[in-house]
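Protein chains in written order, with our numbering: chain A, 4 to 122; chain B, 20 to 133.
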């Protein structure tokens, strides 16, 4: 199946620093999503991107849909201790499957970036 | 707020037992999904459903089945649990339509098969 390469795998930063992580693929995606997962919990949707070049913010988080449609970036500004967790990217490609629209509901996930913030 | 709930947060079962994991969403979503999450392997799709009584296999359906008798409820069934099914199971749901890719997740069920 399709793969998303997410980097870095983990990072340790000082509180107050800015953070960048990215996701790349050899295939084109129509949608990029960014999720955060706290330990023992399910992922929570942070930002959804639907157009190439789109730049969207959610508080201190900013994400961009790459122009080539093969990558996306997430930036966190002025990190705080509660930013700790695993950040996942997810992408959606064109439809596949027997039902014409069903495959379009499937997402491909990156393996996550584990963020640690040192107070 | 979208709410996706899962019947158990932690579950311990024995090899060979039949296991039911239940998921309920309260936002009238058409689509529902079951994933498992394992260290180093990320999230992998087991099954999904885009309507009541409809289901499609995901990437790793072997050893699992699902049931969607009502729109708000999607069940994952392990017919005969095995130790390699020890994992974190996550349910998600989404709308059908323009924003159908925005999947909302439940808190997860951590299943241990002894």
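Glycine included, each C-beta is placed from N, C-alpha and C at the ideal position.
Note that the structure is a prediction, hence the values are computed from the model and not measured.
For this session: Indicate whether the contact test is met: 3 or more Cβ pairs, each with one atom in the region 61-77 of chain A and one in the region 29-38 of chain A, closer than 8 Å.
Result: yes
Exercise. Around the C-beta of residue 46/B, are 16 or more other C-beta atoms found within 10 angstroms, so that it is buried, or is it exposed?
Worked result: For this step, residue 46/B is matched to residue 27 along the second chain. Burial call: exposed.
For this session: Can you give me the Cβ contacts of residue 32/B inside the same chain, cut-off strictly under 6 Å, excluding the 5 residues immediately before and after it?
Result: Position 13 of the second chain, counted from the start, is the residue given in the question as residue 32/B. Contacts found: 38, 100 and 132.
Problem set entry | Assigned exposure category for residue 25/A - 16 Cβ within 10 Å defines buried | Residue mapping note: residue 25/A aligns to position 22 of the first chain, counting from 1. Classification of residue 25/A: buried, given that the 10 Å Cβ count is 16 or more.
Exercise. Hey, does residue 87/B have any beta-carbon neighbour from chain A nearer than 9 Å?
Worked result: Start at 1 with the first residue of the second chain, and residue 87/B comes out as number 68. Not closer than 9 Å to any Cβ of chain A, the Cβ of residue 87/B fails to qualify, so no.
For this session: For residue 44/B, return the contacting residues in chain A, with the cut-off set at a CB-CB distance below 8 Å.
Result: As a first step, residue 44/B is located in the second chain; it is residue number 25 there, counting from the start. Within chain A, no residue comes near residue 44/B; the closest Cβ sits about 12 Å away, beyond 8 Å.
Problem set entry | Inter-stretch contact at 8 Å, needing at least 3 Cβ pairs: the region 47-61 of chain B / the region 106-122 of chain B | yes
Exercise. Hey, is residue 68/A's beta-carbon within less than 9 Å of any beta-carbon in chain B?
Worked result: Your numbering for residue 68/A matches position 65 in the first chain. Taking Cβ atoms only, chain B never reaches closer than 9 Å to residue 68/A, which makes this a no.
For this session: Answer yes if the region 90-105 of chain B comes into contact with the region 110-122 of chain A, meaning at least three C-beta pairs across the two stretches below 8 Å, and no otherwise.
Result: no
Problem set entry | Straight-line Cα distance separating residue 9/A from residue 77/A | On the first chain, residue 77/A is found 74 positions in, with the first residue counted as 1. On the first chain, residue 9/A is found 6 positions in, with the first residue counted as 1. Straight-line Cα distance between these residues: approximately 11 Å.
Exercise. Taking DSSP as the reference, what is the three-state secondary structure of residue 24/B?
Worked result: For the purposes of this step, residue 24/B is taken as the residue at position 5 of the second chain. Reduced to three states, the DSSP call for residue 24/B is strand.
Problem set entry | Contact between the region 74-86 of chain B and the region 124-131 of chain B (3+ Cβ pairs under 8 Å) | no
Problem set entry | Cut-off 7 Å between Cβ atoms - residues of its own chain near residue 19/A, not counting five sequence neighbours on either side | Sequence index remark: in the first chain, residue 19/A carries index 16 (1-based). Cβ neighbours of residue 19/A beyond the five flanking positions: 81 and 82.
Exercise. How would you list, in chain order, the residues of chain A whose beta-carbon sits under 9 Å from the beta-carbon of residue 80/B?
Worked result: One-based indexing of the second chain puts residue 80/B at position 61. Within 9 Å Cβ-Cβ: nothing; residue 80/B doesn't reach chain A, min ~13 Å.
Problem set entry | Presumed contact (8 Å Cβ cut-off) between residue 72/B and residue 87/B, rounded CB distance | Here the question's residue 72/B lines up with position 53 in the second chain. Here the question's residue 87/B lines up with position 68 in the second chain. Going by Cβ atoms, the distance from residue 72/B to residue 87/B rounds to 6 Å, so yes, they are a contact pair.
For this session: Look at the alpha carbon of residue 52/A and the alpha carbon of residue 58/A, and state the distance between them as a whole number of angstroms.
Result: Working through the first chain from its first residue, we reach residue 52/A at position 49. Working through the first chain from its first residue, we reach residue 58/A at position 55. Going from the Cα of residue 52/A to the Cα of residue 58/A covers about 8 Å.
Exercise. Contact check, residue 113/A vs residue 40/A under 8 Å by CB: the rounded distance?
Worked result: Stepping through the first chain from its first residue, residue 113/A is reached at position 110. Stepping through the first chain from its first residue, residue 40/A is reached at position 37. The pair is not a contact, with the Cβ atoms about 12 Å apart (cut-off 8 Å).
For this session: Helix, strand or coil for residue 122/B, going by three-state DSSP, please let me know.
Result: Along the second chain, read from residue 1 onward, the residue named residue 122/B stands at position 103. Coil, per DSSP.
For this session: Tell me, please, whether the CB atom of residue 100/A is closer than 9 Å to any CB atom in chain B?
Result: Taking the first chain and counting its residues from 1, one reaches residue 100/A at position 97. Caution applies to residue 100/A, whose pLDDT of 43 falls short of 50 and renders its modelled position unreliable; the model cannot decide the point.
Exercise. From the beta carbon of residue 11/A, is the nearest beta carbon of chain B less than 9 Å away?
Worked result: Taking the first chain and counting its residues from 1, one reaches residue 11/A at position 8. Not an interface residue.
Exercise. Can you tell which of 97/B, 69/B and 75/B has the C-alpha that lies nearest to the C-alpha of residue 120/B?
Worked result: The residue given as residue 120/B occupies position 101 in the second chain. Answer by Cα proximity: 69/B.
Exercise. At a CB-CB cut-off below 9 Å, which residues of chain A make contact with residue 124/B?
Worked result: For the purposes of this step, residue 124/B is taken as the residue at position 105 of the second chain. Chain A residues near residue 124/B: 38, 40, 44, 45, 46, 47 and 48.
Exercise. By Cβ distance below 8 Å, which residues in the same chain neighbour residue 74/A in space, the five residues on each side in sequence not counted?
Worked result: Sequence index remark: in the first chain, residue 74/A carries index 71 (1-based). Answer for residue 74/A: 25, 26, 27 and 28, listed in chain order.
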